[in-house]
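So the sequence lines, in the order shown, correspond to chains U and E.
Letter by letter, the first sequence follows residues 1 to 453 of this note's numbering.
Letter by letter, the second sequence follows residues 1 to 453 of this note's numbering.
To start, the structure under review is shown below, and the notes come after it.
Protein chains: 2
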Amino acid sequence: MMQQVNIGLVGAGTVGGALYKALTERADVLAARLGVRLAITRIAVRDLGKARSAGYPNALLTNDWKAVVHDPDIHLVVELMGGTTTAREVVLAALGHGKPVVTANKALLSAHGEDLFAVARANRANLYYEASVAGGIPIIKVIRESLVGNRIQSIRGIVNGTCNYILTRMKLEGADFPDVLADAQRLGYAEADPTLDVDGHDAAHKIGILASLAHGFWVRPEQVHVEGIRHITRLDIQSAAQLGYTIKLLGVVKSAKASAPKPASASSRRRSSSQPGILVAVYPALVRNDHVLASVNHAFNAIAVRGDMVGETLFYGRGAGGEPTASSVFSDLADAALDLRHDSHERVPPFVAHASGAIRVVPIDDVTSRYYVRLSVVDRPGVFARIAAVLAKAGIGISSIIQPEGHGGATVPVILMLHDASHTALSKAISQIKRLSAVRDTPTVIRVENTDD
Amino acid sequence: MMQQVNIGLVGAGTVGGALYKALTERADVLAARLGVRLAITRIAVRDLGKARSAGYPNALLTNDWKAVVHDPDIHLVVELMGGTTTAREVVLAALGHGKPVVTANKALLSAHGEDLFAVARANRANLYYEASVAGGIPIIKVIRESLVGNRIQSIRGIVNGTCNYILTRMKLEGADFPDVLADAQRLGYAEADPTLDVDGHDAAHKIGILASLAHGFWVRPEQVHVEGIRHITRLDIQSAAQLGYTIKLLGVVKSAKASAPKPASASSRRRSSSQPGILVAVYPALVRNDHVLASVNHAFNAIAVRGDMVGETLFYGRGAGGEPTASSVFSDLADAALDLRHDSHERVPPFVAHASGAIRVVPIDDVTSRYYVRLSVVDRPGVFARIAAVLAKAGIGISSIIQPEGHGGATVPVILMLHDASHTALSKAISQIKRLSAVRDTPTVIRVENTDD
């Protein structure tokens, strides 16, 4: 008779529900594909009444997660409750029993990943987390297994569906951020408290996990530089379009050198010393329209990965939602079940610290980028000369200037496209420009992403 | 000491060379990642002198593949020689020894896949072929492992880089097919004999393999409907652009019903009987510009896969070339080495026939599509009425008509966008239109792909 793997499900919300329904429906075809039978035999939920009326069989239900995790008949635990407190206990308890765990919990991994992996290793159990990053896109398996031969040169991901939905609608409809956000909240594309999404924190969790996997050392959440999209206006999106770009919120992992301070003497011919490192960041950026990332619209996610052998790749799909996320949980369930069957739980460990230690995360200050800058200035002679003088003094070149038509107010917008400048140099120049008497409001600064590296 | 897997390499061309170089360079980091050491310890080549001057160590070289495959110190064989005759012997001999085989040979799999998989199973060895489809894109692992929980609803792939390169240049430069082909041959993007690529056969090999994996029964090469791109002109590409489309050569796997002949009585209310099935085909098609496939340019490949849980996904990257293909070979080498280490060779078999038998490949005749039709007609009154009459009689609706400006010759082009029609109905109508006295040349017919299913 075919071996059966008994799955204990902890958390039966949107993802858990989609998983339960699909697994019940297609147990036979999965068994035929895998050579092992998957069955959810216990389910822990917060609200028993709600779960019963949602149609879960009463015999499977409990409101005590311990009854699931400690049950000796449960071979494998799926944690889909979310949060970082009880969820952490659930995962630790299951691993403590030597039971493999499948989780979709990016916040948990981001906060406690390194510890959980150590516990998994110590208990000879595995921890699977495909569903924790980018919903249905199989990016964990791709980076860890498919691209194993590559040195990963860069990762650029649209990994927050809410932000991409908002930016797409702002572009397609010429609408402003607050209006689209309100509508997105009404439609369920954004939370009532949108902070986690629109301020970039959710994307930061995900890009931190991908950076860690790609570079073989654990990137801590506080090492990720984070900027959100609240300051992006309709005019920015339209001006970017005019210049051939689309504004996207990107999670970015790329090589960066943290330069030491420049020698005091300007005549010195010595180069400033530098150490190899990576930048791990989330920020909105102008992406050239001929790059595939620019055509990723609505709530879709996509992750562009550049490896030294494979070159440029991109993986696109739904980054959230019950069924797409459950699809990734299935991928992990299949791996976990096959590893149980073949006693190969250490075959692909959750995380391998393979970096030599020479590489490190660098702060964004010294990282250079091209910039888009939008200023609001009083329309009178000599204003532009002063702005240009500040930039010239800072050694920052201007590649183009747009003054959009049809703004007849007291102030007019001026858009500058700047050549490469460090974050520090640009910030300093901007604060000087802001102090000019003809400049009103806070200038808007958006990076122009160089997708060629 | 860490276990070492000795690899015998058969064929040291572009891919083999890239593999050897990369593996030599990064043996340590791979060992750290995998927990097992990979080493190429024997290499069979056709031309020893050439291999020596390419820098392969003489001690590893032989011009006798049997010396590699039969060597008891070789644990794993990588077949990168190409072709279907000797390559088949190599694979069979290695599997016969119970040695896992990694191959990038799509022609071999397309022609002999089913037999080779049976031999692998009988010998308890595994056959890995990630590199056989779409170069560096990890589509085999994605369909087989990452999307294992899904019923695959459709696959649409740009899987021939030569054709995509030609179509992209025709679009960007407004150039004609023969000129771009000649230039592509000069630059090495197309073979001296381009038949395999531009007539769709290479794409057919690949889409046949993907169809088989997705649907769980082996699709034979002769079941794949194949059309190439030789008949596509600059005018077609421009007219498609005007309508909001880009022309791409697609490999397509999608649900299709093979309808039985319609009841003779038009008054019959019975529906025509139908059987479930899939269409497996390669053809050029108009793809809407807002679909990500339309923005896949130059020699890049991309495969859009729609699963019932995951929804729409897309996987993009380089479909050919030494290093991208070697990247996929690495993915297989890692799996093969881990399976050797954990004695889990049956963990993910090369192919699982999981279909119930109810599903089958349907001929294209009854499959419906929207169509783009370009006619060359004599510019005189009444011509269009006759064409429209033929289509009306066939029950095929016209959704739009373009008559491009600036054609002052004796004949003018007329472009029709047609509503859904079966391949048979459309072909019949076109052959009638072709016989009209005012219609010159053979009409060009291109499908308009519905990417929403």
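Using N, Cα and C, we set each Cβ at its ideal position, and we do this for glycine too.
Asked: On a CA-only basis, which of E/109, E/242, E/437 and E/158 is nearest residue 89 of chain E? Give me that one, please.; Found: E/109
Asked: Go to residue 352 of chain E, then tell me how far its alpha helix (DSSP H) extends in each direction, as first and last residue.; Found: Here residue 352 of chain E belongs to no alpha helix (DSSP H), and DSSP marks it neither H nor E.
Asked: What residues in its chain sit with their C-beta under 7 angstroms from that of residue 412 of chain U, if we drop five residues either side in the sequence?; Found: 377, 379 and 403
Asked: How would you write the range of the alpha helix (DSSP H) that residue 109 of chain U sits in, first residue to last?; Found: 106-122
Asked: In the DSSP assignment, the beta strand (DSSP E) including residue 461 of chain E goes from what residue to what residue?; Found: Residue 461 of chain E is absent from the model: chain E starts at 1 and stops at 453.
Asked: For residue 344 of chain U, name the three-state secondary structure that DSSP assigns.; Found: coil
Asked: Return the CA-CA distance between residue 63 of chain E and residue 10 of chain E, expressed in angstroms with no decimal places.; Found: 9 angstroms
Asked: Assign residue 345 of chain U to buried or exposed, taking buried as 16 or more other Cβ atoms, counted over all protein chains shown, within 10 Å of its Cβ.; Found: buried
Asked: So, helix, strand or coil for residue 429 of chain U, using DSSP?; Found: helix
Asked: To the nearest angstrom, how far is the alpha carbon of residue 301 of chain U from that of residue 316 of chain U?; Found: 6 angstroms
Asked: In whole angstroms, give me the CA-to-CA distance for residue 321 of chain E and residue 295 of chain E.; Found: 21 angstroms
Asked: Can you look up residue 449 of chain U in the DSSP assignment and give me helix, strand or coil?; Found: coil
Asked: Check each residue of the stretch 299-323 of chain U: if its Cβ is closer than 7 angstroms to any Cβ of chain E, include it; give the result in chain order.; Found: 307, 309, 310, 311, 312, 313, 314, 315, 316, 317, 318 and 323
Asked: If you draw a straight line from the alpha carbon of residue 137 of chain E to that of residue 453 of chain U, how long is it in whole angstroms?; Found: 19 angstroms
Asked: Report buried or exposed for residue 381 of chain U, applying the criterion of at least 16 other Cβ atoms within 10 angstroms of its Cβ.; Found: exposed
Asked: Is the Cβ of residue 123 of chain U closer than 8 angstroms to any Cβ of chain E?; Found: no
Asked: Quick one: list the residues of chain E neighbouring residue 148 of chain U, beta-carbon separation under 8 angstroms, in chain order.; Found: 30, 33, 34, 330, 331 and 334
Asked: Helix or strand or just coil, what does DSSP make of residue 138 of chain E?; Found: coil
Asked: Does any CB atom of chain U fall closer than 8 angstroms to the CB of residue 344 of chain E?; Found: yes
Asked: Are the CB atoms of residue 318 of chain U and residue 311 of chain E within a distance shorter than 8 angstroms?; Found: yes
Asked: At a CB-CB cut-off below 7 angstroms, which residues of chain E make contact with residue 97 of chain U?; Found: Here the premise fails: no neighbours, minimum Cβ distance about 22 angstroms.
Asked: Can you find the residues in the same chain that come closer than 7 angstroms, C-beta to C-beta, to residue 472 of chain E, ignoring five residues on each side of it along the sequence?; Found: Residue 472 of chain E lies beyond the stretch modelled for chain E, which goes from 1 to 453, so this question has no answer here.
Asked: Taking all protein chains shown into account, do 16 or more other C-beta atoms lie within 10 angstroms of the C-beta of residue 401 of chain U, making it buried, or fewer, making it exposed?; Found: exposed
Asked: Which word fits residue 437 of chain U, buried or exposed, when buried means at least 16 other C-beta atoms lie within 10 angstroms of its C-beta?; Found: exposed
Asked: Take the Cβ of residue 182 of chain U as the centre, count every other Cβ of all protein chains shown within 10 Å, and call the residue buried at 16 or more, exposed below.; Found: exposed
Asked: Can you tell me whether residue 5 of chain U is buried or exposed? The criterion is at least 16 other CB atoms within 10 Å of its CB, across all chains shown.; Found: buried
Asked: Taking any Cβ of chain E, which residues in the stretch 131-164 of chain U have a Cβ under 7 angstroms from it, in chain order?; Found: 136, 137, 138, 141, 142, 145, 146, 147, 148, 149 and 150
Asked: Write down the C-beta distance between residue 372 of chain E and residue 433 of chain E rounded to the nearest angstrom, noting that I regard them as a contact closer than 8 angstroms.; Found: Actually they do not touch by this definition, with Cβ atoms about 14 angstroms apart.
Asked: Is the beta carbon of residue 243 of chain E less than 8 angstroms from the beta carbon of residue 417 of chain E?; Found: yes
Asked: Within the same chain, show all residues whose beta-carbon is closer than 7 angstroms to that of residue 271 of chain E, passing over the 5 residues directly before and after it, in chain order.; Found: Reliability of the predicted coordinates at residue 271 of chain E is poor, the pLDDT of 43 falling under 50, and the value obtained from them is presented with this limitation in mind. Contacts found: none.
Asked: Select from U/388, U/421, U/396 and U/57 the residue whose C-alpha is nearest the C-alpha of residue 365 of chain U.; Found: U/421
Asked: Report buried or exposed for residue 1 of chain E, applying the criterion of at least 16 other Cβ atoms within 10 angstroms of its Cβ.; Found: exposed
Asked: Buried or exposed for residue 202 of chain E, please, with buried defined as at least 16 other CB atoms from any protein chain shown within 10 angstroms of its CB.; Found: buried
Asked: Would you please state the rounded distance, in angstroms, between the beta carbons of residue 326 of chain E and residue 30 of chain E? I believe it to be under 8 angstroms.; Found: Going by Cβ atoms, the distance from residue 326 of chain E to residue 30 of chain E rounds to 13 angstroms, so no, they are not a contact pair.
Asked: Can we say the stretch 54-62 of chain E touches the stretch 83-99 of chain E, given the rule of at least three CB pairs closer than 8 angstroms?; Found: no
Asked: Does DSSP put residue 373 of chain E in a helix, a strand or coil?; Found: strand
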